[in-house]
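Peer 1:
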Ligand SMILES: Nc1nc2c(ncn2[C@@H]2O[C@H](COP(=O)(O)OP(=O)(O)OP(=O)(O)O)[C@@H](O)[C@H]2O)c(=O)[nH]1
Ligand SMILES: [Mg+2]
């Protein structure tokens with residue numbers, strides 16, 4: 001088939017493009033449900049801090065994480081309605097397949113768009129150039145500007161026939177801030193990407209980073225190696241002169257294979273499905289132009305293959321278009337809901353984990369400290385207490401006082417080390433009297449050596465029990481926060497898995 005024939009075929013095929021949409025209601029319902037379940041699972045995590053002082057660092061950290069989660073959930077609807085509003089400009093082209101023409105400045109984007117437009121025009125097809133300003137589409141008679149310096153500074157494009165739109169973007173990284181936002185919106189609604197790079201340094205795969213989001217959205221990617229021509233010396237009427245020629249087919253094939261291999265590697269590295277990549281094609285717009293779009297020149301310049309490849313790309317682009325409403329909602333869920341949630345929560349939940357770890361380690365030391373201090377507080381006074389009651393041998397009184405001392409000592413010594421906690425402390429500590437040991441009379445002297453030893457043992461035991469009870473309360477609190485934190489992470493991970501499953505279901509459509 002000649003390139004004229006190929007072009008005609010291409011045009012005929014584009015007429016077949018219908019914007020019919022598959023029934024997405026079931027998948028949309030599943031996506032809605034996913035969002036509801038995520039909100040439900042997140043709000044279901046209690047992050048109970050009953051045993052913490054509200055002023056403690058840990059309680060504040062927990063409140064921060066909880067606050068962030070709640071804030072994110074609230075933002076979901078806001079972000080979704082913003083997205084829907086932003087969609088409206090692009091809606092003007094909702095019945096067309098929109099291909100994004102992307103690449104570094106001077107890659108030849110505008111030149112290629114103009115050439116394709118002229119091809120359509122010469123075939124009697126309606127061609128409408130447009131640019132976008134203040135969120136409005138303005139149609140114009142003027143071709144897209146081409147130039148040796150950075151030329152395209154606004155989002156512009158051309159409608160080819162009824163069903164195809166090429167979106168000519170400003171060269172990579174050159175968009176101004178407001179242009180960038182607008183470009184982004186249009187990029188969002190593109191159904192496929194033409195990635196142009198000059199044959200002088202084709203396929204600089206790092207450029208694909210800027211497309212990461214688009215590619216993750218499962219849009220087909222078609223690499224076009226532009227300016228596939230070279231200057232050669234020729235003899236015209238006995239004089240040596242320089243002429244522009246197409247690059248030899250063998251060289252084109254090498255470059256295409258090389259771009260394909262490297263792009264595939266890059267996509268794998270970016271965790272993008274390599275099936276989205278179409279085989280690269282080399283063209284020379286200049287060579288086609290020089291021969292005034294003559295059929296043979298078009299074929300030699302690579303356009304026959306380009307049209308065939310574009311046709312090949314329109315099918316997956318169309319598939320993308322048919323699932324677009326679900327894709328757009330899915331991207332919102334992937335990017336604005338889950339990714340944002342993970343990114344926002346990560347630093348604070350890491351801090352919370354660190355804080356928990358510290359408090360857990362501190363607890364061991366504090367336990368020892370409290371025990372020592374209580375012991376030191378009570379023990380030195382014990383002989384005097386025993387002496388005091390020796391005349392009456394009022395053991396009950398000794399037990400009551402010792403219990404009181406222990407209770408007071410605990411209250412005093414836990415205050416500082418366990419200041420972060422709100423603990424249940426018994427007002428009174430009751431030591432159980434050992435009926436077999438009391439004051440003893442030896443040679444008419446009241447002695448209390450065995451009683452002293454018994455009280456030391458009991459004091460030691462009581463301190464241990466009380467500390468254990470206090471530490472249990474603290475540990476229970478720390479563990480419950482740790483458990484909740486883990487649950488938060490699990491919710492995010494399993495929601496991610498669920499969403500991936502829904503994404504692959506969607507792409508089976
Ligand atoms: N040799 C040769 N030059 C070309 C070809 N296509 C475009 N050019 C030249 O490359 C330069 C850049 O072309 P444009 O089409 O303006 O490139 P662009 O990618 O739109 O550039 P920006 O809008 O600045 O991002 C111009 O001087 C074109 O004449 C080609 O096939 N061969
Ligand atoms: Mg341009």
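Numbering (this note's numbering), first residue to last: 1 to 509.
Built from N, CA and C at the ideal position, the CB exists for glycine as well.
Near residue 24, which residues of its chain fall below 7 Å by C-beta distance, leaving aside the five closest residues on each side in sequence?
Peer 2: Along the chain shown, one-based indexing puts residue 24 at 24. Excluding sequence neighbours, residue 24 sits near 323, 325, 326.
Peer 1: Just to confirm before moving on: does the CB-CB distance between residue 288 and residue 301 stay below 9 Å?
Peer 2: Counting from one through the chain shown, the residue named residue 288 turns up at place 288. Counting from one through the chain shown, the residue named residue 301 turns up at place 301. Yes, they are a contact pair.
Peer 1: Apart from the five residues just before and just after residue 511, which ones in its own chain have a Cβ nearer than 7 Å to its Cβ?
Peer 2: As displayed, the chain neither begins before 1 nor continues past 509, which places residue 511 out of reach and without an answer.
Peer 1: Give the DSSP-derived three-state secondary structure of residue 484 in the structure shown.
Peer 2: If you number the chain shown from 1, residue 484 lands on position 484. Helix.
Peer 1: At the level of alpha carbons, what is the spacing between residue 435 and residue 407?
Peer 2: Translated into positions along the chain shown, residue 435 becomes position 435. Translated into positions along the chain shown, residue 407 becomes position 407. Each residue's alpha carbon lies about 23 Å from the other.
Peer 1: So does the region 373-384 actually touch the region 455-474, counting three or more Cβ pairs closer than 8 Å?
Peer 2: Touching, yes, given that three or more Cβ pairs across the two stretches are closer than 8 Å.
Peer 1: When burial is assigned at 16 or more other CB atoms within 10 Å of the CB, is residue 581 buried or exposed?
Peer 2: With the chain running from 1 to 509 in the structure shown, residue 581 is simply not present.
Peer 1: Let me check understanding here. Comparing Cα to Cα, which of 13, 298, 31, 10 lies closest to residue 329?
Peer 2: As a working mapping, residue 329 is identified with position 329 in the chain shown. Of the listed residues, the one whose Cα sits closest to residue 329 is 31.
Peer 1: Could you work out which residue in 383, 344, 239, 404 is closest to residue 428 when comparing CA atoms only?
Peer 2: For the purposes of this step, residue 428 is taken as the residue at position 428 of the chain shown. For the residues 383, 344, 239, 404, the minimum Cα distance to residue 428 belongs to 404.
Peer 1: Confirm, please, whether the CB-CB distance from residue 113 to residue 166 is below 9 Å.
Peer 2: As a working mapping, residue 166 is identified with position 166 in the chain shown. As a working mapping, residue 113 is identified with position 113 in the chain shown. Yes. Within cutoff.
Peer 1: Look at residue 147 and residue 125 and say whether their C-beta atoms are less than 9 Å apart.
Peer 2: Here residue 147 corresponds to residue number 147 of the chain shown, with the count starting at 1. Here residue 125 corresponds to residue number 125 of the chain shown, with the count starting at 1. No, the Cβ-Cβ distance between residue 147 and residue 125 is not below 9 Å.
Peer 1: Any contact of the region 187-206 with the region 214-228, i.e. 3+ C-beta pairs under 8 Å?
Peer 2: Verdict: yes, contact present.
Peer 1: Only counting the same chain, and skipping five residues up and downstream in sequence, which positions put a Cβ closer than 8 Å to that of residue 1?
Peer 2: Reading the chain shown from its first residue, position 1 is the one you call residue 1. With a pLDDT of 43 at residue 1, under the threshold of 50, the predicted position of this residue should be treated as unreliable, though the coordinate-derived value follows. For residue 1, where only same-chain residues beyond five positions count, the Cβ hits under 8 Å are 9, 304.
Peer 1: When the Cα of residue 464 is compared with those of 410, 103, 345, which residue comes out closest?
Peer 2: Taking the chain shown and counting its residues from 1, one reaches residue 464 at position 464. Selected option, being the one with the closest Cα: 410.
Peer 1: Is it the case that the region 195-209 contacts the region 331-341, given that we only count it when at least three CB pairs across the two stretches are under 8 Å?
Peer 2: Touching, no.
Peer 1: Skipping 5 residues on each side, what residues in its chain have a beta carbon closer than 7 Å to that of residue 268?
Peer 2: In the chain shown, the residue the question calls residue 268 occupies position 268. Here the set comprises 274.
Peer 1: Using a threshold of 8 Å, is the CB atom of residue 144 nearer than that to any non-hydrogen atom of ligand 2?
Peer 2: Here residue 144 refers to the residue found at position 144 of the chain shown. Answer for residue 144: yes, Cβ within range of ligand 2.
Peer 1: Does the region 224-243 come into contact with the region 280-296, if we say contact requires no fewer than three beta-carbon pairs (one atom in each stretch) closer than 8 Å?
Peer 2: Yes, the region 224-243 touches the region 280-296.
Peer 1: For residue 491, which of helix, strand or coil comes out of DSSP?
Peer 2: Numbered from 1 along the chain shown, position 491 holds the residue referred to as residue 491. If DSSP states are grouped into helix, strand and coil, residue 491 belongs with the helices.
Peer 1: Starting from the Cα of residue 12, find the closest Cα among 73, 314, 398, 440 and give me that residue.
Peer 2: Here residue 12 corresponds to residue number 12 of the chain shown, with the count starting at 1. Minimum Cα distance to residue 12 is reached at 314.
Peer 1: Return yes when the C-beta of residue 105 is under 8 Å from any heavy atom of ligand 2, and no when it is not.
Peer 2: What you label residue 105 is simply residue 105 of the chain shown in a count that begins at 1. The answer is yes for residue 105.
Peer 1: Tell me whether residue 510, by its Cβ, gets closer than 8 Å to a heavy atom of ligand 1.
Peer 2: Missing from the structure shown is residue 510; the chain here goes from 1 to 509 and no further.
Peer 1: Taking the alpha carbon of residue 50 as the point to measure from, which residue in 494, 474, 495, 505 has its own alpha carbon closest?
Peer 2: Against the chain shown, residue 50 aligns to sequence position 50. Residue 474 is the option with its Cα nearest to residue 50.
Peer 1: Does DSSP classify residue 467 as helix, strand or coil?
Peer 2: Numbered from 1 along the chain shown, position 467 holds the residue referred to as residue 467. Three-state DSSP puts residue 467 in a helix.
Peer 1: Do residue 118 and residue 293 have their CB atoms nearer than 9 Å?
Peer 2: For the purposes of this step, residue 118 is taken as the residue at position 118 of the chain shown. For the purposes of this step, residue 293 is taken as the residue at position 293 of the chain shown. Contact flag set, yes.
Peer 1: Can residue 67 be considered in contact with ligand 1, in the sense that its beta carbon sits closer than 8 Å to one or more heavy atoms?
Peer 2: In the chain shown, residue 67 corresponds to position 67, counting from 1. No; taking the cut-off as 8 Å, the Cβ of residue 67 has no heavy atom of ligand 1 nearer than that.
Peer 1: Tell me whether residue 292, by its Cβ, gets closer than 8 Å to a heavy atom of ligand 1.
Peer 2: For the purposes of this step, residue 292 is taken as the residue at position 292 of the chain shown. Residue 292 Cβ: outside cutoff for every heavy atom of ligand 1.
Peer 1: Can you tell me whether residue 198 sits near ligand 2, meaning its C-beta is under 8 Å from at least one heavy atom of the ligand?
Peer 2: As a position in the chain shown, residue 198 is number 198, starting the count at 1. Result no, Cβ not under 8 Å from ligand 2.
Peer 1: My output table needs one value for residue 156: the three-state DSSP class, helix, strand or coil.
Peer 2: Locating residue 156 in the chain shown gives position 156, counting from the first residue. DSSP places residue 156 in strand when its eight states are reduced to three.
Peer 1: Quick one: grab the DSSP three-state call for residue 223.
Peer 2: Along the chain shown, read from residue 1 onward, the residue named residue 223 stands at position 223. In this structure, residue 223 counts as strand in the three-state DSSP scheme.
Peer 1: Can you tell me whether residue 213 is helix, strand or coil according to DSSP?
Peer 2: Looking up residue 213 in the chain shown gives position 213. Helix, per DSSP.
Peer 1: Return the CA-CA distance between residue 451 and residue 439, expressed in angstroms with no decimal places.
Peer 2: Working through the chain shown from its first residue, we reach residue 451 at position 451. Working through the chain shown from its first residue, we reach residue 439 at position 439. Using only the alpha carbons, I get a separation of about 6 Å.
Peer 1: In angstroms with no decimal places, state the Cα-to-Cα distance between residue 80 and residue 472.
Peer 2: For the purposes of this step, residue 80 is taken as residue 80 along the chain shown, with counting starting at 1. For the purposes of this step, residue 472 is taken as residue 472 along the chain shown, with counting starting at 1. Answer to the nearest angstrom: the Cα atoms are 46 Å apart.
Peer 1: Helix, strand or coil: which one does DSSP assign to residue 422?
Peer 2: Here residue 422 refers to the residue found at position 422 when the chain shown is read from its first residue. Reduced to three states, the DSSP call for residue 422 is coil.
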